[in-house]
Amino acid sequence: MTGATGFAGRYLVQHLLQSHATVAAWANPHGHPISGADGRIAWRLVDLLDANAVTKAIAELNPSAIYHCAGAPHVAESWKDPARVLRVNALGTHHVLEGVREARVTGPVLVTGSAMIYRPSTESLTEDHPIGPSDPYGISKLAQEMLARRATGPVFIARPFNHAGPGQSASFVTSSFAQQIAEIEAGQRAPVVRVGNLEARRDITDVRDTVRAYPLIVARGAAGRPYNVCSGQAYRVRDLLDAIVALCRVAIRIEVDPARLRPSDNPIIVGDPSRIAAETGWTRAIPIARTLSDLLDDWRRKTAGSLTQPS
Numbered sequence: 097m098t099g100a101t102g103f104a105g106r107y108l109v110q111h112l113l114q115s116h117a118t119v120a121a122w123a124n125p126h127g128h129p130i131s132g133a134d135g136r137i138a139w140r141l142v143d144l145l146d147a148n149a150v151t152k153a154i155a156e157l158n159p160s161a162i163y164h165c166a167g168a169p170h171v172a173e174s175w176k177d178p179a180r181v182l183r184v185n186a187l188g189t190h191h192v193l194e195g196v197r198e199a200r201v202t203g204p205v206l207v208t209g210s211a212m213i214y215r216p217s218t219e220s221l222t223e224d225h226p227i228g229p230s231d232p233y234g235i236s237k238l239a240q241e242m243l244a245r246r247a248t249g250p251v252f253i254a255r256p257f258n259h260a261g262p263g264q265s266a267s268f269v270t271s272s273f274a275q276q277i278a279e280i281e282a283g284q285r286a287p288v289v290r291v292g293n294l295e296a297r298r299d300i301t302d303v304r305d306t307v308r309a310y311p312l313i314v315a316r317g318a319a320g321r322p323y324n325v326c327s328g329q330a331y332r333v334r335d336l337l338d339a340i341v342a343l344c345r346v347a348i349r350i351e352v353d354p355a356r357l358r359p360s361d362n363p364i365i366v367g368d369p370s371r372i373a374a375e376t377g378w379t380r381a382i383p384i385a386r387t388l389s390d391l392l393d394d395w396r397r398k399t400a401g402s403l404t405q406p407s
């Protein structure tokens with residue numbers, strides 16, 4: 097699988113190890129460092145923007161299945177460098193799919209796209225909803241999916257909506273809240289949580305549920321047919337913040353930070369999971385309250401760990 101050191105990628109590796117003796121895991125030479133020494137994981141550093149290196153690595157591995165999870169994941173940061181996001185998400189996917197073709201690999205490929213390709217709507221989004229991304233990230237993921245649809249061989253398409261959980265970057269909203277609260281509790285910052293748009297509503301699934309969907313799509317889904325991976329419920333960001341604040345051990349106050357507001361921010365994004373439930377049997381199992389609690393506890397551990405590190 098690609099993107100094995102990323103947020104969802106790390107969880108998918110562990111999920112696949114429950115049913116596979118070994119997992120071949122690719123990491124970006126310039127990305128997150130490889131941590132741990134699990135002998136069941138065969139690590140390899142591969143730059144997806146190097147077409148020859150990708151094809152060579154695929155041919156040598158001859159994988160039974162490929163889960164393509166690598167990519168630039170940040171909507172907000174895509175406004176800062178749209179060209180890079182397009183290169184990583186679209187060109188990187190092209191190199192993987194071309195590498196599969198040139199190496200004559202016949203196993204299935206799962207491409208993890210995004211719900212951000214849909215046209216903004218207040219309705220619950222099905223896979224047949226009109227396409228119309230409103231940010232550079234969504235455009236790059238639409239290009240990625242179009243490449244997947246044109247590829248030869250069994251290529252499967254997932255459209256994950258927002259997912260959260262322990263280990264997520266503080267670039268994402270709930271993780272940002274949790275990090276700030278953990279640092280406030282530890283006395284590392286003033287008792288102020290800085291926020292962006294609290295009125296947006298987002299469909300959020302626990303990352304541990306999200307990665308469970310990917311092997312099910314490959315095993316039971318139809319190639320070339322997109323599948324929403326979502327909870328079917330939109331949570332207001334203010335309510336998510338309130339839920340995390342309720343777990344806080346000290347008094348805090350909330351302040352809006354203009355720097356955290358996006359140039360384009362859809363008021364509501366919620367998906368319809370009917371197709372994936374009917375065709376693969378997948379449904380989410382972890383409630384949002386547990387996701388938020390686990391996320392905050394993870395940041396508490398990290399914050400405590402940073403306090404014990406030698407200076």
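Note that this note's numbering has the sequence shown beginning at 97, numbered continuously upward. Beta carbons: idealized from backbone N, C-alpha and C, even for Gly. On a predicted model such as this, the values are computed, not experimentally measured, just so you know.
Residue i burial status per 10 Å Cβ neighbour count (16 or more: buried)
{"i": "proline 369", "result": "buried"}
{"i": "arginine 200", "result": "exposed"}
{"i": "arginine 321", "result": "exposed"}
{"i": "alanine 211", "result": "buried"}
{"i": "arginine 297", "result": "buried"}
{"i": "threonine 118", "result": "exposed"}
{"i": "lysine 238", "result": "Sequence check: residue 238 is leucine here, not lysine. Leucine 238 comes out buried."}
{"i": "histidine 259", "result": "buried"}
{"i": "threonine 218", "result": "exposed"}
{"i": "aspartate 302", "result": "buried"}
{"i": "alanine 123", "result": "buried"}
{"i": "isoleucine 227", "result": "exposed"}
{"i": "serine 402", "result": "exposed"}
{"i": "valine 390", "result": "Per the sequence shown, residue 390 should be read as aspartate rather than valine. Result: buried."}
{"i": "alanine 381", "result": "exposed"}
{"i": "arginine 356", "result": "exposed"}
{"i": "alanine 330", "result": "buried"}
{"i": "valine 289", "result": "buried"}
{"i": "threonine 379", "result": "exposed"}
{"i": "alanine 400", "result": "exposed"}
{"i": "arginine 255", "result": "buried"}
{"i": "alanine 168", "result": "buried"}
{"i": "arginine 397", "result": "exposed"}
Strand pairing of residue i, partner residues [DSSP]
{"i": "histidine 164", "result": "Thr98 and Val207"}
{"i": "arginine 297", "result": "Arg332 and Ile364"}
{"i": "isoleucine 350", "result": "Val289"}
{"i": "arginine 140", "result": "Trp122"}
{"i": "tyrosine 214", "result": "Ile227"}
{"i": "aspartate 302", "result": "Ala260"}
{"i": "asparagine 324", "result": "Arg255"}
{"i": "leucine 243", "result": "DSSP output for leucine 243 lists no bridge partner at all."}
{"i": "leucine 221", "result": "Gly367"}
heavy atom of the ligand SAH below 7 Å from residue i C-beta
{"i": "isoleucine 162", "result": "Annotation note on the ligand SAH: not contained in the displayed structure, which lists no ligands."}
Own chain residues within Cβ distance below 7 Å of residue i, not counting five before or after
{"i": "alanine 339", "result": "Ala385 and Leu388"}
{"i": "serine 407", "result": "Note that serine 407 scores 47 on pLDDT, short of 50, meaning its location in the model is unreliable; the coordinates nonetheless yield the value given after this. Hits under 7 Å: none found."}
{"i": "proline 159", "result": "Ala120, Val201 and Gly203"}
{"i": "tryptophan 395", "result": "Ala274, Gln275 and Ala278"}
{"i": "alanine 266", "result": "Ser272 and Gln275"}
{"i": "valine 150", "result": "Val142, Leu144, His191, Val192 and Gly195"}
{"i": "proline 262", "result": "Asp390, Leu391 and Asp394"}
{"i": "tyrosine 107", "result": "Val303, Arg304 and Val307"}
{"i": "glycine 127", "result": "Thr101"}
{"i": "isoleucine 130", "result": "Thr101, Ala123 and Trp139"}
Contacting residues, own chain, Cβ-Cβ under 6 Å from residue i (five flanking each side not counted)
{"i": "valine 207", "result": "His164, Ala244 and Ile253"}
{"i": "glycine 99", "result": "Gly105, Cys165 and Ala166"}
{"i": "histidine 170", "result": "Ser267"}
{"i": "leucine 337", "result": "Phe273"}
CB of residue i within 8 Å of CB of residue j, strictly
{"i": "arginine 304", "j": "glycine 377", "result": "no"}
{"i": "aspartate 353", "j": "valine 291", "result": "yes"}
{"i": "valine 314", "j": "tyrosine 233", "result": "no"}
{"i": "asparagine 324", "j": "leucine 221", "result": "yes"}
{"i": "valine 333", "j": "leucine 294", "result": "yes"}
{"i": "aspartate 299", "j": "glycine 209", "result": "no"}
{"i": "isoleucine 162", "j": "methionine 242", "result": "no"}
{"i": "phenylalanine 103", "j": "glutamine 264", "result": "yes"}
{"i": "isoleucine 365", "j": "phenylalanine 257", "result": "yes"}
Chain C contact for residue i (CB, 8 Å cutoff)
{"i": "arginine 106", "result": "This model lacks chain C altogether; it includes just one protein chain."}
Close beta carbons around residue i, own chain, < 8 Å, minus the five adjacent residues each side
{"i": "proline 424", "result": "No information on residue 424 is available, as it lies outside the stretch 97 to 407 that the chain covers here."}
{"i": "valine 109", "result": "Met97, Ala100, Val119, Ala121 and Ile137"}
> Is it a yes or a no for the stretch 238 to 250 touching the stretch 267 to 275, going by three-plus beta-carbon pairs under 8 Å?
Replying inline: no
> Any chance the stretch 105 to 120 sits against the stretch 134 to 145, with 3 or more Cβ pairs inside 8 Å?
Replying inline: yes
>> Does the structure place the stretch 185 to 192 close enough to the stretch 277 to 292 that three or more beta carbon pairs sit under 8 Å?
In response: no
> Are there three or more Cβ pairs, one per stretch, closer than 8 Å when the stretch 309 to 325 is compared with the stretch 345 to 354?
Replying inline: no
>> With three or more beta-carbon pairs closer than 8 Å as the criterion, would you say the stretch 149 to 160 touches the stretch 194 to 209?
In response: yes
> Does the pairing of the stretch 174 to 183 with the stretch 213 to 220 give three or more beta-carbon distances under 8 Å?
Replying inline: no
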